[in-house]
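Right, one structure below, let's go through it.
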Amino acid sequence: RGLVSKVSLLLYLTGGRGESVLRFGDDLSLDAIDAMTAIVFAQDRPHDGGPFVDGPKIFLRTELVYRDANLEHSRSVARVFARACYLSTQSVFDPELERRADAAYDQAAAARWRMRAAAPEPEPMFRKRFRGVDFLANGYDYWFRRDAVTLPTAAAIAVLDVVNAKLGDRSFRSACRSRTLKVAPDEDMPAWVAARLKTTKRPDEPPFAGIHKPGLLPPLEQADKEDDQEIWGRESEYSLDTSDDWDPRRNRSLLWHLEKQRNRVEPIVSRAPILIMGQEVFLDPERFVIEGDKIHILSNEALAPVHFAGGIAYYDPSSFTRVVFTLDAPVLLVPPITFREHGDTLHLTLDLFRNGWMVRYSRRELEIRRLIGPDEWPTQVD
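So for the sequence shown, this note's numbering puts the first residue at 42; every next one is plus one.
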């Protein structure tokens with residue numbers, strides 16, 4: 042989009058003293074800053090800062106964004122930055138990974154401003170297994186055995202891993218077995234990867250199942266044309282003018298209410314590339330489109346998450362519905378995933394950090410409901 046941040050602005054809300062509370066390389070070091078001090082500096086200046094010793098250090102940081110007609114996307118810089126972000130999320134309890142993440146951020150900054158970077162170090166690579174599928178990942182490059190996964194499966198694993206999607210009550214990465222490997226800077230990556238994946242086994246069954254989406258929303262009962270019972274505003278079942286054999290599942294008002302809910306849910310379900318029920322993940326291969334060397338994950342976020350209203354003091358149609366199950370249809374807005382085949386291995390790259398794409402992941406929970414029968418009559422408003 043031709044926009045780039047070049048200048049940082051710091052606004053200190055509190056003042057204080059300490060050793061090098063703000064330092065710019067070897068050129069300038071501040072040992073005291075007054076409250077409400079504003080500092081502006083170019084982002085190509087290396088900087089860091091220590092804490093205040095006489096109170097909390099609270100400041101706001103923002104960036105000044107410029108339009109640059111000569112701005113170009115660099116896949117090499119994107120790869121380094123993506124790897125740094127990925128290492129940051131993996132390094133919470135690993136100081137060595139944290140150090141390597143910091144080094145990767147510095148390397149990306151140096152490349153961005155065409156500065157001289159430090160000598161490259163061995164690169165961390167994570168060897169992971171998810172439901173029988175072995176793969177190697179660093180947040181940008183994902184490698185699989187070519188005969189172990191389909192392209193949609195490989196793309197789904199890569200995206201779920203990089204965003205660390207929720208599978209029920211746990212995260213995707215916590216569902217993986219993982220260990221850290223080191224890759225020398227001058228390593229032949231395809232050969233190195235092939236040597237580590239060739240001894241792995243193919244999964245006994247696919248990690249993701251297919252799903253018959255129409256079966257999630259079976260046809261509703263036919264409405265009883267003679268049943269014109271209205272539900273809104275009823276205080277209890279005693280205020281309903283019904284016979285003993287009244288069946289809520291055929292009430293026109295209730296069927297209209299449930300159909301309205303389904304009309305909101307159905308487009309989301311039908312267009313979702315991935316559906317999650319608890320810890321089970323289902324793929325819709327038709328929502329993964331292969332064009333040349335690109336995998337497009339189709340998505341639609343026109344509809345907001347579905348919320349079903351409940352009565353507070355009176356009956357309404359939702360009092361006569363029950364949640365059958367809950368689906369998570371995550372919003373996945375990602376650019377096309379580039380893939381290449383190297384002998385027996387499959388290589389995917391996730392280039393998420395670029396001005397031309399607005400990347401987004403968020404959970405989207407949907408309740409699939411049904412109408413209750415006569416034997417499930419609500420004893421109280423819910």
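Glycine included, each C-beta is placed from N, C-alpha and C at the ideal position.
So what's residue i in DSSP terms, helix, strand or just coil?
i	result
residue 252	coil
residue 181	coil
residue 337	strand
residue 103	strand
residue 375	coil
residue 257	helix
residue 389	strand
residue 219	strand
residue 380	strand
residue 94	coil
residue 369	strand
residue 301	helix
residue 241	coil
residue 73	strand
residue 130	helix
Thinking just about the alpha-carbon of each residue, which of the options is nearest to the one in residue i?
i	options	result
residue 309	369, 292, 319	369
residue 255	311, 122, 244, 247	311
residue 251	301, 393, 191	191
residue 113	44, 198, 226	44
residue 129	120, 145, 119, 212	145
residue 246	173, 224, 294, 149	173
residue 330	91, 232, 124, 378	378
residue 202	405, 75, 373, 67	373
residue 77	168, 55, 46, 406	55
residue 70	94, 88, 53	88
residue 73	131, 384, 53, 123	53
residue 337	195, 61, 59, 79	195
residue 107	68, 49, 65	49
residue 261	300, 313, 244	300
residue 292	263, 320, 314, 59	263
Between residue i and residue j, what straight-line distance do the alpha-carbon atoms span, to the nearest angstrom?
i	j	result
residue 376	residue 164	25 Å
residue 140	residue 166	15 Å
residue 226	residue 326	36 Å
residue 205	residue 175	17 Å
residue 371	residue 148	33 Å
residue 335	residue 116	15 Å
residue 280	residue 304	Low confidence applies here, because residue 280 scores a pLDDT of 49, under 50, leaving its location unreliable; read the following figure in that light. Distance between the alpha carbons of residue 280 and residue 304: 30 Å.
residue 234	residue 170	15 Å
residue 199	residue 102	32 Å
residue 345	residue 316	Low local confidence applies: a pLDDT of 31 at residue 345 is under 50, so the model's placement there is unreliable, with the coordinate-based value given in what follows. The alpha-carbon atoms of residue 345 and residue 316 are separated by roughly 16 Å.
residue 333	residue 381	10 Å
residue 318	residue 230	37 Å
residue 109	residue 85	16 Å
residue 384	residue 177	16 Å
residue 324	residue 98	48 Å
residue 47	residue 81	11 Å
residue 152	residue 51	24 Å
residue 64	residue 122	23 Å
> Counting pairs of beta carbons, one from the segment 225-240 and one from the segment 201-212, are three or more of them closer than 8 Å?
Replying inline: Taking 8 Å as the limit for Cβ pairs, the verdict is that the segment 201-212 does not touch the segment 225-240.
>> Runs of 3 residues minimum, wholly inside the segment 307-336: which ones carry the beta strand (DSSP E) assignment?
In response: You should have 315-318, 321-324, 329-332.
> What alpha helix (DSSP H) runs, 4 residues minimum, are completely inside the segment 164-213?
Replying inline: Segments of the alpha helix (DSSP H) lying fully in the segment 164-213: 192-203.
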